[in-house]
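Asks:
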Amino acid sequence: MDDTELHRERILRHVSPIITGRFIGYQASYTREVRVGRPLAVSVYVAAGIAQLLGSLLRMKPARRSLKELRMGPEFLVTPVRLRDDLGQTYEIEMHGQLPQSALHRGDLVQVRTEPQKDRTLPVKLMQVVNLTTMQPLTPRIPTRWSHLGPAVLLQAAAGLMVTGLLVAALLR
């Protein structure tokens, strides 16, 4: 190996749930989609459909979304974060969601709590970070399945379940 070759920094995968080190920086962000399970999507879709049917009889405007739209879950931002520990080793962690721009600066001493992801080929996921330089605890915020379904569809589903429950109770008397 001669001196003209570029030296590539070795990125490690950390297995401990707590990593303490210096914040190096963010890498290029991208989006990832969370799928909504078929049973949940179908049950919400059917219950909301019952409420939509009742609403159409009462001339109310329903919030319509297809089953395919419900199954395609929310997209969230994934940002690889790099840290360097006291031994000079570099670690890459995935941050799902966003933090305020002013939360972390290059060189800040941070302590992160991580969890392994379902896909073991991916780096660990950042759950919480404490900026030890400013003593500020930070938690990235990501959209959930419930926020993706939306309040209008969830309210329609709840109304549909109540109507179905009342009909079943009336028929069983």
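In terms of our numbering, the sequence shown opens at residue 534 and continues consecutively. In this text, a Cβ means the ideal position worked out from N, Cα and C, and glycines have one as well.
Below 8 angstroms between beta carbons: does that hold for Q622 and R646?
Replies: no
Asks: Ends of the beta strand (DSSP E) at G558?
Replies: Note, G558: beta strand (DSSP E), 551-559.
Asks: Compare the beta carbon distance of R555 and L616 with 8 angstroms and say whether it is the shorter of the two.
Replies: yes
Asks: Buried or exposed: where does Y578 fall if 16 or more other Cβ atoms within 10 Å of its Cβ makes it buried?
Replies: buried
Asks: So, helix, strand or coil for I675, using DSSP?
Replies: coil
Asks: Using a 10 Å radius around the Cβ and a threshold of 16 neighbouring Cβ atoms, would you call I551 buried or exposed?
Replies: exposed
Asks: Measure the C-alpha to C-alpha separation of A703 and L694 and round it to an integer number of angstroms.
Replies: 14 angstroms
Asks: Which residue wins for smallest C-alpha separation from Q669, given the options Y559, A636, D618, T564?
Replies: A636
Asks: Any idea what DSSP makes of R639, helix, strand or coil?
Replies: coil
Asks: Is the beta carbon of P613 closer than 8 angstroms to that of Q650?
Replies: no
Asks: Which two residues bound the contiguous beta strand (DSSP E) that contains R706?
Replies: Where R706 is concerned, there is no enclosing beta strand (DSSP E), given that its DSSP letter is neither H nor E.
Asks: Can you round the beta-carbon distance between L659 and E627 to whole angstroms, since I take them to be within the 8 angstroms contact cut?
Replies: 7 angstroms
Asks: Can you tell me whether P572 is helix, strand or coil according to DSSP?
Replies: helix
Asks: Give the DSSP-derived three-state secondary structure of Q669 in the structure shown.
Replies: The answer is strand: DSSP assigns Q669 an E or B state.
Asks: For a quick check, are the C-beta atoms of T666 and L632 less than 8 angstroms apart?
Replies: Not a contact, by the Cβ cut-off of 8 angstroms.
Asks: Report the three-state DSSP secondary structure of V707 (helix, strand or coil).
Replies: Nothing about residue 707 can be read from this structure; the chain reaches only from 534 to 706.
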